[in-house]
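Notes follow the structure.
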Ligand SMILES: C[S@@+](CC[C@H](N)C(=O)[O-])C[C@H]1O[C@@H](n2cnc3c(N)ncnc32)[C@H](O)[C@@H]1O
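Residue numbers (my numbering): 513 to 938.
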């Protein structure tokens, strides 16, 4: 039995170079292809049945040469019979050159009822590949674990995160005052601590017995240990969704002689993780009897800009479809996730921040944190789960300065969904 692949590629040898480039773009995103180099008719005959039967969908590249090719017509006929047997089998015609009138008529007899893609409509092959995936119902790679491809290693993101932390500290302060008021000298665990700067700013001026920060980014953890060498602080490398999570935390707890944590702090992390429910259940076990978990996370459902402008629709669309931005509906999911993990007294302290919260102070920061197109990786459509988001980013980049100016002049009011929760163990 031949192995199963995602796409069977039907084409004419006359277009070999072009098709090879498109196929390598498709493969770059993860899907596997039946793509035979057609050196002989014999080769073709042996492979075609296996290829079509063992692929999930069929892509045919239409050119004057391929429409005239008997091999290609034969493959199309076989794909059509395969589709009759299996209605999930998609046939995706992709036009790669303008067809003569007679070729257009011939091929329409076979494929006229299907949705055709036109390669020249896309700026590059990445866009075309994403459109093929959409039609074939294929998910490009990097998304399977539910984990986003967010990284704090990008310089622009480091700068953004620093500014974000300063700004959000203004909100978090009041909530953390309440949390810390319940403990004399708490042991604190920070999940996804990055370079430690945010948690250290939030702990500034507060009494705590011990802080353990964990993060999967080795360089960030190293930097945290160098920046904060205090005896009662430790930062360790650990993937909080891995099987070694408990072991890693326990060994630190033994070292620092604590039996559990009074406060667990998680800021802007859960949206980037898969297995959130499992993590919350583990955290429930690590919390002391009267302990509190504090979570800050995002939810685009609360994003509003007034007056309405397509510019903001585009921005929100880009956030939703960027693989770097994680699960933009995490905020609303947390009450049930916390409940299922065993937490009690789940409180939503606030669900939005807004452009008027601090008057003129921080107004520009809010814009730069969320609406600066340079924050997004603009060099490749691979960072997005569809091509439209990549396209809209280009429009946003063009209009950005003008929109920022109007916003700073007070022409827009904005709220963004940032949810702050606390929950307790008992
Ligand atoms: C947006 S940053 C937030 C950092 C910090 N909590 C803050 O508020 O500034 C997300 C952090 O989560 C970390 N992270 C992502 N996946 C992780 C995982 N599986 N285990 C541990 N840390 C993870 C990243 O390395 C990054 O430092």
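In this text, a Cβ means the ideal position worked out from N, Cα and C, and glycines have one as well.
Item, Value
"Alpha-carbon to alpha-carbon, residue 906 and residue 531", "27 Å"
"As assigned by DSSP and simplified to three states, the class of residue 868", "coil"
"Alpha helix (DSSP H) segment containing residue 672, residue limits", "667-692"
"Identity of the residues DSSP links to residue 746 by a beta bridge", "724"
"Check whether residue 627 and residue 647 have beta carbons under 8 Å apart", "yes"
"At least 3 beta-carbon pairs within less than 8 Å: the segment 600-613 vs the segment 559-574", "yes"
"Inter-stretch contact (C-beta, 8 Å, three-pair minimum) for the segment 760-776 and the segment 784-791", "no"
"Whole-angstrom distance between residue 793 and residue 674, CA atom to CA atom", "30 Å"
"Sequence-distant residues of its chain with Cβ nearer than 6 Å to residue 745 (five each side left out)", "723"
"Element boundaries [beta strand (DSSP E), containing residue 810]", "799-810"
"Buried or exposed by the 16-neighbour rule on C-beta atoms within 10 Å, applied to residue 552", "With a pLDDT of only 49 at residue 552, under the threshold of 50, the placement of this residue in the model should not be trusted, and no figure is reported."
"Opposing strand residues paired with residue 528 [DSSP bridges]", "Bridge partners of residue 528: none, in fact."
"Backbone CA spacing between residue 872 and residue 686 [nearest angstrom]", "20 Å"
"Test item: CB-CB of residue 931 and residue 843 under 8 Å", "yes"
"Buried/exposed call for residue 676, threshold 16 Cβ in 10 Å", "buried"
"C-alpha gap between residue 667 and residue 778, whole angstroms", "22 Å"
"Identity of the residues DSSP links to residue 771 by a beta bridge", "The partner list for residue 771 (beta bridge, DSSP) is empty, contrary to what the question assumes."
"With 16 other Cβ atoms within 10 Å as the buried cut-off, status of residue 915", "buried"
"Opening and closing residue of the alpha helix (DSSP H) in which residue 644 lies", "637-648"
"Distance CB(residue 831)-CB(residue 809) smaller than 8 Å", "no"
"Rounded C-alpha distance that separates residue 624 from residue 572", "13 Å"
"Residue 833 burial status per 10 Å Cβ neighbour count (16 or more: buried)", "buried"
"Run of the alpha helix (DSSP H) containing residue 592, from where it starts to where it stops", "582-597"
"Environment of residue 671 [buried if 16+ CB atoms lie within 10 Å]", "exposed"
"Heavy atom of ligand 2 within 7 Å of residue 745 beta-carbon", "What this structure holds is ligand 1, not ligand 2."
"Residue 678 versus residue 845: straight-line alpha-carbon distance, rounded", "26 Å"
"Candidates 741, 751, 754 and 798, of which the one nearest residue 766 by Cα", "798"
"Best match in 848, 704 and 800 for proximity to residue 694 [C-alpha to C-alpha]", "800"
"Own chain, CB closer than 6 Å to residue 658, minus 5 neighbours either side, in chain order", "Residue confidence is low: residue 658 scores 49 on pLDDT, short of 50, so the model does not pin down where it sits. Its coordinate-derived value is still stated next. The residues are 786."
"Residue 655 versus residue 707: straight-line alpha-carbon distance, rounded", "Legend: pLDDT at residue 655 = 38, less than 50; position of this residue unreliable, value from coordinates given subsequently. For residue 655 and residue 707, the distance between alpha carbons rounds to 26 Å."
"Identity of the residue in 582, 642 and 546 nearest residue 896 by Cα", "642"
"Residue 828 (DSSP reduced to helix, strand or coil)", "helix"
"Nearest neighbour of residue 933, chosen from 866, 876 and 856 [CA to CA]", "856"
"Simplified DSSP assignment, three categories, for residue 903", "helix"
"Coil, strand or helix - residue 921 by DSSP", "coil"
"Where residue 840 falls, given that 16 or more other Cβ within 10 Å makes a residue buried", "buried"
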